[in-house]
Amino acid sequence: MMFENKKAVIFDMDGVVIDSERFWSIAEREIFTSLGVKITAENCRLTQKMTVTEASNFWFGICPWNKVSIQEAEQMVVNRVIELIKSCDCEIAHVREFIKHLKSRGCKIGLATNSPAYFIPICLERAGIADLFDAVASAEDEKNGKPHPDVYLTAARKLDVKPGECVVIEDSYHGILAGKKAGMTVIGFTNGNPEISFDIADYMLHSYVR
Numbered sequence: 002m003m004f005e006n007k008k009a010v011i012f013d014m015d016g017v018v019i020d021s022e023r024f025w026s027i028a029e030r031e032i033f034t035s036l037g038v039k040i041t042a043e044n045c046r047l048t049q050k051m052t053v054t055e056a057s058n059f060w061f062g063i064c065p066w067n068k069v070s071i072q073e074a075e076q077m078v079v080n081r082v083i084e085l086i087k088s089c090d091c092e093i094a095h096v097r098e099f100i101k102h103l104k105s106r107g108c109k110i111g112l113a114t115n116s117p118a119y120f121i122p123i124c125l126e127r128a129g130i131a132d133l134f135d136a137v138a139s140a141e142d143e144k145n146g147k148p149h150p151d152v153y154l155t156a157a158r159k160l161d162v163k164p165g166e167c168v169v170i171e172d173s174y175h176g177i178l179a180g181k182k183a184g185m186t187v188i189g190f191t192n193g194n195p196e197i198s199f200d201i202a203d204y205m206l207h208s209y210v211r
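Note that the sequence shown covers residues 2 to 211 in our numbering.
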């Protein structure tokens, strides 16, 4: 039912195909603390689904620093995340087999993420799944990131399919909202966490085990 009469499946990246969200949290804490920002758990939750540019501007707004520019701080965060990804396993369990199954059914496979464009191939190659994607899109290239639908509409355009022919797999409220605004069917992915539920999602998926 989830994929019936659909021509494409578009995945979010962080938390959906790679387990990298913890790395962003670690990097944010390390970098912004080193710049004098007092990090709180509540504020970290607010930045969790922001683009790295949005998060950097958010922390600068709370506690301006003068050691480096906002853009340099942003790059420091990304560089630290890359270091962490290269040193750890980051593939979500069974995602490769799941995507290959979708492709065997004739589905095109896309990626739509708030992460920077140059960061995408690093993550996908590290997880060993770069060869499975037919198109990728980064919110860095859009006027607005998620929860706006822009990045999903761009991914659909690159895949040469209509929004209504797409299924989105997301793990956050903002991401699910972006997919819904794009006019796509949306699956909320929990990665086995029983405490997570998304009322606005069309379907729920708890793991990639078939």
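Just so it is clear, CB atoms sit at the ideal spot from N, CA and C, and this is done for glycine as well. Because the structure is a prediction, the values reported are computed rather than measured.
- Per DSSP, the continuous alpha helix (DSSP H) segment holding GLY180 begins and ends at 174-182.
- Counting along the chain, GLU92 sits inside no alpha helix (DSSP H), nor does DSSP assign it H or E at all.
- Under the rule that a run must span 4 or more residues, the alpha helix (DSSP H) segments found entirely inside the region 14-59 read 22-35 and 42-48.
- Per the C-alpha coordinates, the member of MET51, ARG106, SER57 and VAL82 positioned closest to GLY176 is MET51.
- Under the 10 Å beta carbon count, ARG127 is surrounded by 16 or more other beta carbons and is classified as buried.
- Counting along the chain, LEU103 sits inside the alpha helix (DSSP H) bounded by residues 96-105.
- Distance from the CA of LEU133 to the CA of ILE123, rounded to the nearest whole angstrom, comes to 14 Å.
- Taking a contact as a CB-CB distance under 8 Å, the pair ASP172 and CYS91 does not count as one, their CB atoms being some 14 Å apart.
- Note that the C-beta distance between ILE197 and VAL168 is not below 8 Å.
- Per the Cβ contact rule, the region 152-160 is not in contact with the region 52-69 (fewer than 3 Cβ pairs under 8 Å).
- Closest in C-alpha terms to ALA179, from the list LYS39, TRP66 and ALA113, comes ALA113.
- A Cβ-Cβ distance of about 5 Å is found for the pair LEU103 and VAL10, placing them in contact under the 8 Å criterion.
- Residue nearest to ARG23 within the set GLY62, THR48 and TYR204 is THR48 (criterion: CA-CA distance).
- For PHE190, the enclosing beta strand (DSSP E) starts and ends at 186-190.
- For ILE110, the three-state secondary structure derived from DSSP is strand.
- LYS101 and PHE4 have their C-alpha atoms spaced approximately 14 Å apart.
- Excluding sequence positions up to five before and after LYS8, its CB lies within less than 7 Å of the CB of CYS108, LYS109, VAL162 and GLU166, all in the same chain and listed in chain order.
- In the three-state DSSP reduction, ALA136 falls in the strand class (E or B).
- In the DSSP assignment, no residue is bridged to VAL69.
- Residue pairing by DSSP leaves MET3 without any beta bridge partner.
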